[in-house]
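Note that our numbering has the sequence shown beginning at 1, numbered continuously upward.
Just so it is clear, CB atoms sit at the ideal spot from N, CA and C, and this is done for glycine as well.
What you are looking at is a predicted structure, and each value in this text was computed from that prediction instead of being measured.
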Amino acid sequence: MMKKMSKQLLAMILCIMASVLFSQTNMNRSRGEGLYFCENANTIGAGNTWAHVRMLGFIWDAETVRDENTQKPEPYAFPEIEGEVGLFNIASLHVKLRPITYGKSFGWLSAGTKFTFLKNKDLRLNYVGLKLDYHHSFAKEVTSSIAGYRDTKGTGFSPEGFIYAGGLFKIRALYDADFLKKFSWLPLKLTANIGANIPLNKEFIDYTQYTIAVGAAYVGHGSDIFIEYGLEAFANSSNNPKQFKFAWPGWQSGDNTTLEYKVWEVAFPENPMYLTIGGRIRYPNGIVLYGALPLLVSHNVGSTTRHSGRGAIGEHTIIGNFPEEYARGVTDGFDPWYAKWKIVLQFTIPLRYRLTSSEMRRNFLLLKNKRDKKRIDIDKRIELEKDSPQEKKEAEEKDKKRRLKEIEERRKKIE
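Shown next as structure tokens:
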């Protein structure tokens, strides 16, 4: 009896799983889905609540930056958790954190809001939005840093880019073009963001970054694919490379009582910039599996941190090989030795969800076009079958029998 009940229970569970994963009648989808760098200009529906769990991994080839004989490529993997809730149909609140970062310390916490302007209850061709965030880094030291270019407070160059200690204000202006509104057969979205990362520590206000991200996505009924470009560049008042000057206690003499300075420059192509490809698989119950692969496109300009036959690049090689940099006071070279690639995996689940009218219409248009294509194929197949000799012969025989039957019935009536 127990075995029979267990089998019935197992069959029921399998049926539920199959219906959840493979049913295509409904699709609970978020109205605010973005790419990786690109944020969507729209917001999630009022009262909707979504949870995201992300894993970011990469291997940082640090051996060229430090010492070729002792260092090896370093693997990293960081979890990130995010929650968002919709407000008043035109706004949302979100909280995001990284519980573990470099040195196995608590990473950062980010909280903010996003607004979308104009009406968004139905599909639109153009969407405009604004995102505001407060980002706070708790890491006291950048334990993995490009050529050691960091200070003792947790600010400096990491494999992921530039890390600011303490508070950081982020602002993004958002724009989307949703071509499904204009052409029901073209589920294409173009996205563009522009913004700034502004440190609240006055000591580093000169290292404010401007951000640019552009992307394109094919948004299907059950899956998406996208490609995008993301840039975080240091704001500069001239076309010259951005100059950095950090103080270290006696880094040349070993005397911890005196402050000495390293000076280096970051040219525009040396800013963190990535080309990302990715996509998502969407299940009818709202669960989303997401993956992205950011690829580094930054490249070195001028002096470098790499080791060479002349030894590590320092002031003695700056003088002889880069006189223009030496004239500007540069003491050390710089390389954009960020992570060359990253793997991003994310799992999303709706905690509270009500389908918005715009996404309901999106589902309708996507399914309508999908079914229209199938109907055309079937019609063509029927036409071919009607034109076949066998079908014609059978039709003629059937018609002949029908006529003979009618003649026989009329004869009987006359008689």
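Local Cβ density within 10 Å of residue i, reported as buried at 16 or more and exposed below that
i      : result
Phe244 : buried
Asn239 : exposed
Val288 : buried
Ala147 : buried
Trp185 : exposed
Ile318 : buried
Phe22  : The predicted model places Phe22 with a pLDDT of 39, which falls under 50 and marks its position as unreliable, so this point remains unresolved.
Ala395 : exposed
Trp416 : The shown model of the chain, from 1 to 415, leaves out residue 416, and the question about it has no answer.
Val53  : exposed
Val330 : buried
His299 : exposed
Lys399 : Contrary to the premise, residue 399 reads as Asp rather than Lys in this sequence. Asp399 comes out exposed.
Arg469 : Because the chain in this structure spans residues 1 to 415, residue 469 falls outside the shown range and cannot be described.
Pro284 : buried
Ala235 : exposed
Ile225 : exposed
Pro336 : buried
Phe58  : buried
Ile376 : Confidence at Ile376 is low in this model, with a pLDDT of 49, below 50, so the placement of that residue should be treated as unreliable; the coordinate-derived value is given next. Looking at its Cβ environment, which holds fewer than 16 other Cβ atoms inside 10 Å, Ile376 is exposed.
Cutoff 6 angstroms; reference residue i; Cβ partners in own chain excluding five residues on either side
i      : result
Ala165 : Ser137, Lys153, Gly154, Thr155
Arg417 : Nothing can be reported for residue 417, as the shown portion of the chain is limited to 1 through 415.
Ile345 : Ile is not the amino acid found at residue 345; the sequence shown has Leu there. Only Met55, Gly291 meet the Cβ criterion.
Ile194 : Ala173, Ile212
Trp341 : Leu295
Gly103 : Thr143
Tyr353 : Asn28, Asn48, Gly286
Lys242 : Phe234, Asn236, Val266
For residue j and residue i, believed in contact at Cβ under 8 angstroms, the rounded distance
i      : j      : result
Glu270 : Tyr36  : Their Cβ separation, rounded to whole angstroms, is 21 angstroms, which puts Glu270 and Tyr36 out of contact at 8 angstroms.
His221 : Met27  : 6 angstroms
Val422 : Phe334 : The question about residue 422 has no answer, for the chain in this structure spans 1 to 415.
Asn120 : Ile90  : 7 angstroms
Gly86  : Ala51  : About 13 angstroms separates the two Cβ atoms, so there is no contact after all.
Ala41  : Thr116 : 6 angstroms
Ser223 : Gly302 : That pair is no contact at about 44 angstroms.
Tyr210 : Ala196 : 5 angstroms
Ile277 : Leu293 : 6 angstroms
Coarse secondary structure for residue i, derived from DSSP in three states
i      : result
Ile287 : coil
Tyr36  : coil
Met360 : helix
Leu200 : coil
Asp151 : coil
Pro323 : helix
Phe268 : helix
Asn193 : strand
Leu395 : Residue identity check: residue 395 is Ala in the sequence provided, not Leu. Three-state DSSP puts Ala395 in a helix.
Ile146 : helix
Glu141 : coil
Leu118 : coil
Leu367 : helix
Gly107 : coil
Asp206 : helix
Ile227 : strand
Glu408 : helix
Tyr102 : helix
Arg328 : coil
Ile318 : helix
Lys400 : helix
Ile163 : strand
Asp335 : coil
Arg354 : coil
Met27  : coil
His299 : coil
Trp50  : strand
Leu417 : Past the boundaries of the shown model lies residue 417; the chain is included only from 1 to 415, so the question cannot be answered.
Ala235 : coil
Thr43  : coil
Thr113 : strand
Chain-order list of residues whose beta-carbon lies under 8 angstroms from that of residue i (same chain, five-residue window excluded)
i      : result
Ile198 : Leu168, Phe169, Lys170, Ile171, Ile205, Thr208
Gly161 : Glu232, Pro272, Tyr338
Lys370 : His221
Ala216 : Leu188, Lys189, Leu190, Thr191, Phe226, Ile227, Glu228
Residue-chain proximity (residue i, chain B), Cβ-Cβ < 8 angstroms
i     : result
Asn26 : The structure shown has no chain B; it contains just one protein chain.
Same chain, Cβ closer than 7 angstroms to residue i, five either side skipped, listed in chain order
i      : result
Val297 : Met273, Tyr274, Leu275
Ser358 : Arg31, Asn120, Lys121, Asp122, Leu123
Pro187 : Leu180, Tyr218, Val219, Gly220, Leu366
Leu132 : Gly112, Thr113, Ile171
Ser145 : Gly156, Phe157, Ser158
Ala312 : Confidence in Ala312 is poor, its pLDDT being 41 and thus under 50, which makes the residue's placement too unreliable to answer from.
Leu355 : Asn28
_contact_flag[the region 71-79, the region 34-48] where n(CB pairs < 8 angstroms) is 3 or more_ = no
*asked:* Does the region 43-53 come into contact with the region 187-202, if we say contact requires no fewer than three beta-carbon pairs (one atom in each stretch) closer than 8 angstroms?
replied: no
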